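The numbering of the sequence shown is the numbering used here, which starts it at 16 and goes up by one.
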Amino acid sequence: MKFTKKIAFASASLALTLATPAALLTQNAAFAKTTTVKQATKVKVTKKTTPFYHKDGSKFTKKKPYVYGSWKSTVAYKNTSYNVVKTVTIKGAKYYYIGNDAYLKASDVKVTATKTVKSSSTSSAKKASTSSSKTTSKKTSSSSSSKKTSSTSSSSSSKKTSSEKTVTEIQVTKKTTPFYHKDGSKFTKKSPYVYQGWKSTVAYKGTKYKVSKTITIKNKKYYYVGNSAYLKASAVKVIAAK
């Protein structure tokens, strides 16, 4: 009889041991769950002309037109392509931000290029966090202390990262400065930088550009200003950051 009880106890212990990894796998799977979303990266105007909009939904005017280099206009023209920085909703309608404070209405353009972005599922992460919290709450006080220290360290690291500023706008400080490709080569007269009807191999002093991102090319810092063009950091000054 005693032998039978020992076998039963051992079997129960083995079952509990085997169940633990399975539970952890389920928890980790939930935490690692991601969602895939497609984001527009390039659009083309489908109408004869379409207005440039401000972030509040108002249109650019003749007195205050959209300005890019020496080119000014209140509208974009059919078949013109634009790189998309981000997609936003203004007063219930979808718009594409193309830089230089200008937006195009989604209904006036067609998407010609997209990129796939993966992001962690918030609900799953919360679920996993809750499960983990329930399990670890049964641990010793020393374990809780360790977690508290780790959490504080993580919080400090997060605050440090969030305090770093991202450059959003620059202004050319030299008389002229070249437009560069992402490989560090300059635009040429045969293949100049083109923005609608305006063509050039250089940007001019005093001209402002919205910055999409900051990158390093051959150990030098550059700012991406859209339409496959970069400006060298040493030729401009930062006038806005967030």
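For each residue, glycine too, the CB sits at the ideal point set by N, CA and C.
Small disclaimer: the values here were computed from a predicted structure and weren't measured.
{"Query": "Other residues of its chain near VAL217: CB distance less than 7 Å, five sequence neighbours each side excluded", "Result": "THR191, THR192, PRO193 and PHE194"}
{"Query": "Euclidean distance between Cα positions of SER124 and LYS201", "Result": "Reading off the sequence shown, one finds Val at residue 124, where the question assumed Ser. Roughly 30 Å separates the two Cα atoms."}
{"Query": "Whole-angstrom C-beta distance between VAL226 and ILE185, which should lie under 8 Å", "Result": "6 Å"}
{"Query": "Span of the beta strand (DSSP E) around VAL217", "Result": "217–219"}
{"Query": "Whether SER56 touches ALA128 by CB criterion (7 Å)", "Result": "Before going on, a small fix: residue 56 reads as Thr here, not Ser. Yes, they are a contact pair."}
{"Query": "Inter-residue spacing [alpha-carbon to alpha-carbon] between THR89 and ILE232", "Result": "35 Å"}
{"Query": "Same chain, Cβ closer than 6 Å to LYS252, neighbours up to 5 away in sequence not counted", "Result": "GLN186 and THR188"}
{"Query": "Three-state class that DSSP yields for SER96 in the structure shown", "Result": "strand"}
{"Query": "7 Å CB neighbourhood of THR181 in its chain, flanking five on each side removed", "Result": "ALA256 and LYS257"}
{"Query": "Of the residues LYS205, THR65, LYS204 and HIS196, the one placed nearest TYR110, counting alpha carbons only", "Result": "THR65"}
{"Query": "C-beta atoms of LYS93 and LYS63 nearer than 7 Å", "Result": "yes"}
{"Query": "GLY114 - partner residues in DSSP beta bridges", "Result": "ALA117"}
{"Query": "Nonlocal neighbours in the same chain, by C-beta distance under 6 Å from VAL52, ignoring five residues either side", "Result": "VAL132"}
{"Query": "Burial state of GLY72, where buried means 16 or more other Cβ atoms lie within 10 Å", "Result": "exposed"}
{"Query": "Proximal residues to TYR68 (C-beta, below 8 Å), its chain only, five neighbours per side dropped", "Result": "LYS74, PHE75, ILE105, TYR110, ALA117, TYR118, LEU119 and LYS120"}
{"Query": "Check whether VAL58 and TYR97 have beta carbons under 7 Å apart", "Result": "yes"}
{"Query": "Beta-carbon proximity list for LYS204, same chain, < 7 Å, skipping 5 on both sides", "Result": "THR216"}
{"Query": "Three-state secondary structure assigned by DSSP to SER88", "Result": "strand"}
{"Query": "Per DSSP, the bridge partner or partners of ILE185", "Result": "TYR224 and VAL253"}
{"Query": "Beta-carbon separation (whole angstroms), GLY221 vs TRP86, contact threshold 8 Å", "Result": "Not really, about 15 Å apart at Cβ, beyond 8 Å."}
{"Query": "Residue interval of the beta strand (DSSP E) (run including ALA248)", "Result": "No beta strand (DSSP E) contains ALA248, which DSSP labels as neither H nor E."}
{"Query": "LYS236, enclosing beta strand (DSSP E) - first and last residue", "Result": "235–241"}
{"Query": "Where GLY107 falls, given that 16 or more other Cβ within 10 Å makes a residue buried", "Result": "exposed"}
{"Query": "Proximity below 7 Å, CB of TYR237 to CB of ILE230", "Result": "yes"}
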